[in-house]
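Before any comments, here is the structure.
Protein chains: 2
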Amino acid sequence: MARRSQRPISDGALRLAQDRFIAAWGQMGSTWGISRTMAEIHALLFITAGPLNTDDVMLRLSVSRGNASMSLRALVDWGVISRIHRRGDRKEYFQAEEDVWTMLRQIIRERLRREVHPVLALLFEVRDLTDPAAAAHDKPVPLDPPAAGEPLPSTPEPAPLPNLVAEHNRRLDSLLELIQMLDRLGERFVGSEGRGLKLAATLLSKVS
Amino acid sequence: MARRSQRPISDGALRLAQDRFIAAWGQMGSTWGISRTMAEIHALLFITAGPLNTDDVMLRLSVSRGNASMSLRALVDWGVISRIHRRGDRKEYFQAEEDVWTMLRQIIRERLRREVHPVLALLFEVRDLTDPAAAAHDKPVPLDPPAAGEPLPSTPEPAPLPNLVAEHNRRLDSLLELIQMLDRLGERFVGSEGRGLKLAATLLSKVS
DNA sequence: ACGAGATTTCAAAAACTTCTGAAAATAACG
DNA sequence: CGTTATTTTCAGAAGTTTTTGAAATCTCGT
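One line per chain: the protein sequences are A and B, in this order.
Heads up: the first sequence begins at 1 in the numbering used here, then just goes up one per residue.
Heads up: the second sequence begins at 209 in the numbering used here, then just goes up one per residue.
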């Protein structure tokens with residue numbers, strides 16, 4: 001009846017550790033905008049040594065075939081797991097990238113591509129809407145409006161529009177610059193083959 | 209009747225630019241795990257010069273009072289906007305942090321605190337479950353378990369489990385180290401008063 | 001201490017996301 | 001080819017998050 005408590009670290013303990021890890025990773029995933037199941041599958045593949053097939057995943061995590069199939073495909077698209085074919089076996093197997101630096105680089109690469117770049121493009125468009133320089137039609141707007149002593153308004157939009165547009169542009173530009181900076185930083189990290197990231201770590205320790 | 213097309217960049221254009229900005233920021237927010245409305249309110253406050261009150265926000269973004277109230281409070285909790293009291297006015301006004309570096313620092317600080325640290329704690333717990341050194345109870349486990357010939361199940365685990373636990377620990381440790389590294393990086397960035405981030409930007413340009 | 005105005009709370013509704021399961025498509029083998 | 005194993009797709013179900021609005025609570029000024 002009783003479980004053998006003799007074995008150093010029992011299979012049960014390993015199983016438990018895996019399950020807890022999977023749960024933790026799944027939770028983290030969901031707070032960062034990734035579906036829980038997808039993160040859990042990734043966790044399972046990462047923490048497990050051998051490659052697993054769709055049925056293994058379904059069984060282990062109790063998810064439907066459809067869900068497993070779509071999540072696995074999405075993970076492949078993100079480049080954090082890969083398909084493996086075994087001869088004499090019609091099933092497909094999956095295996096996680098096991099180098100965590102490569103994994104991180106891949107995640108950053110994809111987030112830049114899918115999320116940051118589109119937003120940057122939008123923000124540039126927005127910038128153009130009020131860009132004085134681009135005001136080819138209408139009339140070119142002087143960057144600096146005349147005298148700058150402003151009577152502080154009462155409620156929200158108080159003054160007779162002293163220079164709302166200039167203020168808008170200033171704020172937008174500062175945000176654009178920040179995001180572009182982060183983008184360049186990311187691209188650099190992502191670009192440099194292999195070493196790139198460890199380099200960042202090194203830098204980190206340097207900046208006392 | 210017709211709108212004056214003479215003014216350089218019309219109020220309408222400003223309004224449009226604001227709306228587009230708000231939409232873009234709202235979208236970005238939702239892909240990063242922040243509710244759309246919350247991100248939109250932040251965008252509105254950021255892009256608008258003066259402080260706004262709850263009714264301004266409700267009106268401008270067409271959201272309910274309850275939603276506006278909760279989202280504003282959440283933004284205050286995140287430390288990216290602040291409450292403003294005006295004498296002789298019973299309403300509360302809100303204003304966004306306008307320095308984007310400070311804003312970024314604040315966001316990183318909170319994400320570390322709310323999301324990274326809890327996961328790190330969980331991962332450490334998981335690590336302990338299979339830590340040979342920590343096996344005080346039971347029996348100290350030799351890093352390499354004796355002869356471990358186990359009848360292999362059917363599919364996934366092919367080899368005779370030479371050292372599943374050691375492999376598990378290796379993977380878990382590499383992930384833990386990565387996350388801790390990022391955590392330290394974040395803390396450092398967040399900690400250094402003001403300059404911290406620009407410094408990072410400088411570093412960035414240095415790393416050719 | 002009252003009352004008017006402002007804010008917060010929270011249960012229920014709406015909107016959105018994820019998951020399922022069976023049917024359709026695909027690929028492998030003989 | 002036809003048969004069979006496997007994967008993909010997708011409409012609807014289930015689950016989760018977000019939003020609403022009205023009631024409760026709070027805050028001041030008098």
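We put the beta carbon where it would ideally sit given N, CA and C, even for glycine.
Small disclaimer: the values here were computed from a predicted structure and weren't measured.
Discussion item. Along the chain, where does the beta strand (DSSP E) containing Arg87(A) start, and where does it finish?
Written reply: Neither: Arg87(A) is in no beta strand (DSSP E) and is coded neither H nor E.
Worksheet item: For Ala257(B) versus Ile230(B), is the C-beta distance shorter than 7 Å?
Response: no
Item to complete: Can you give me the start and stop residues for the beta strand (DSSP E) that Glu300(B) sits inside?
Response: 300-304
Practice prompt. Give me the Cα-Cα distance between Leu280(B) and Ser10(A), rounded to the nearest whole angstrom.
Written response: 50 Å
Worksheet item: What is the rounded straight-line gap between the Cα of Leu61(A) and the Cα of Glu40(A)?
Response: 8 Å
Discussion item. Taking the beta carbon of Gly234(B) as the centre, do at least 16 other beta carbons fall within 10 Å, making it buried, or is it exposed?
Written reply: buried
Practice prompt. Note down, in chain order, each residue of its chain lying with its Cβ closer than 7 Å to the Cβ of Arg109(A), except the 5 sequence neighbours on either side.
Written response: Val190
Worksheet item: Got a sec? Which residues, its chain only, sit under 8 Å from Pro354(B) by beta carbon, not counting five neighbours each side?
Response: Per-residue confidence for Pro354(B) stands at a pLDDT of 46, beneath the threshold of 50, marking its modelled position as unreliable; the derived number appears in the next sentence. Closer than 8 Å at Cβ, skipping near neighbours: no residue.
Worksheet item: Closer than 7 Å, Cβ to any Cβ of chain B: which residues of the stretch 44-62 of chain A, in chain order?
Response: Phe46, Ile47, Ala49, Gly50, Leu52, Asn53, Asp56
Discussion item. In the DSSP assignment, the alpha helix (DSSP H) including Ser174(A) goes from what residue to what residue?
Written reply: 164-191
Discussion item. Using only the alpha-carbon positions, how far apart do Arg321(B) and Asp336(B) sit?
Written reply: 22 Å
Discussion item. Residues of chain B with CB closer than 8 Å to the CB of Arg20(A), please, in chain order.
Written reply: Leu330, Glu333, Val334, Leu337
Worksheet entry | Beta-carbon contacts of Pro364(B) that lie in its chain and below 6 Å, excluding the five residues immediately before and after | Confidence is the limiting factor: at Pro364(B) the pLDDT is only 45, short of 50, which leaves the residue's position unreliable, though a coordinate-based value still follows. For Pro364(B), where only same-chain residues beyond five positions count, there are no Cβ hits under 6 Å.
Item to complete: Going by CA-CA distance only, name the one from Glu125(A), Arg36(A), Leu178(A) that's closest to Met70(A).
Response: Arg36(A)
Worksheet item: How about Arg171(A): is its C-beta nearer than 7 Å to some C-beta of chain B?
Response: yes
Item to complete: Flag this pair as yes or no: are the beta carbons of Met246(B) and Ala304(B) separated by less than 7 Å?
Response: no
Worksheet item: chain B beta carbons: is any one of them nearer than 7 Å to that of Met70(A)?
Response: no
Discussion item. Tell me which residues share the same chain as Phe254(B) and place their Cβ nearer than 6 Å to its Cβ, disregarding the 5 neighbours each side in the sequence.
Written reply: Ala304
Fill in: Beta-carbon gap between Ile264(A) and Pro51(A) smaller than 7 Å
Outside the shown range of chain A (1 to 208) lies residue 264(A), about which nothing can therefore be said.
Worksheet item: Which chain A residues are close to Glu323(B), counting only those with a beta carbon under 8 Å from its beta carbon?
Response: Met28, Thr31, Trp32
Practice prompt. Could I get the ranges of all uninterrupted beta strand (DSSP E) runs contained in the stretch 308-345 of chain B, with 3 residues as the minimum, in chain order?
Written response: none
Practice prompt. Using the Cα positions of Thr338(B) and Leu386(B), report the straight-line distance between them to the nearest angstrom.
Written response: 19 Å
Worksheet entry | Within 7 Å, strictly: CB atoms of Glu395(B) and Thr31(A) | no
Item to complete: Consider the Cβ of Leu383(B): report whether some Cβ of chain A lies at a distance smaller than 7 Å.
Response: yes
Item to complete: State buried or exposed for Gly237(B), treating a residue as buried only when at least 16 other CB atoms are found within 10 Å of its CB.
Response: buried
Worksheet item: Looking at the unbroken alpha helix (DSSP H) that takes in Trp286(B), where does it start and where does it end?
Response: 273-286
Worksheet item: If we cut at 7 Å on Cβ distances, does Leu386(B) have a partner in chain A?
Response: yes
Worksheet item: How many angstroms separate the CA atom of Phe332(B) from the CA atom of Ser382(B)?
Response: 12 Å
Discussion item. Need the endpoints of the alpha helix (DSSP H) that Ser238(B) sits in, please.
Written reply: 219-239
Item to complete: Keeping to the same chain, check which residues put their C-beta closer than 6 Å to that of Leu380(B); ignore five residues upstream and five downstream.
Response: Arg335
Discussion item. Only counting the same chain, and skipping five residues up and downstream in sequence, which positions put a Cβ closer than 8 Å to that of Glu300(B)?
Written reply: Asn261, Thr262, Arg291, Ile292, His293
Fill in: Helix, strand or coil at Leu152(A) [DSSP, three-state]
Because the pLDDT of Leu152(A) is 44, which lies under 50, any placement of that residue in the model is unreliable, and the number read from its coordinates should be weighed accordingly. Correct three-state label for Leu152(A): coil.
Worksheet entry | Distance, Asp56(A) Cα to Val271(B) Cα | 46 Å
Fill in: Coarse secondary structure for Leu369(B), derived from DSSP in three states
Legend: pLDDT at Leu369(B) = 49, less than 50; position of this residue unreliable, value from coordinates given subsequently. Coil.
Worksheet item: If the cut is a Cβ gap below 8 Å, which residues of chain B does Trp101(A) touch?
Response: Leu386
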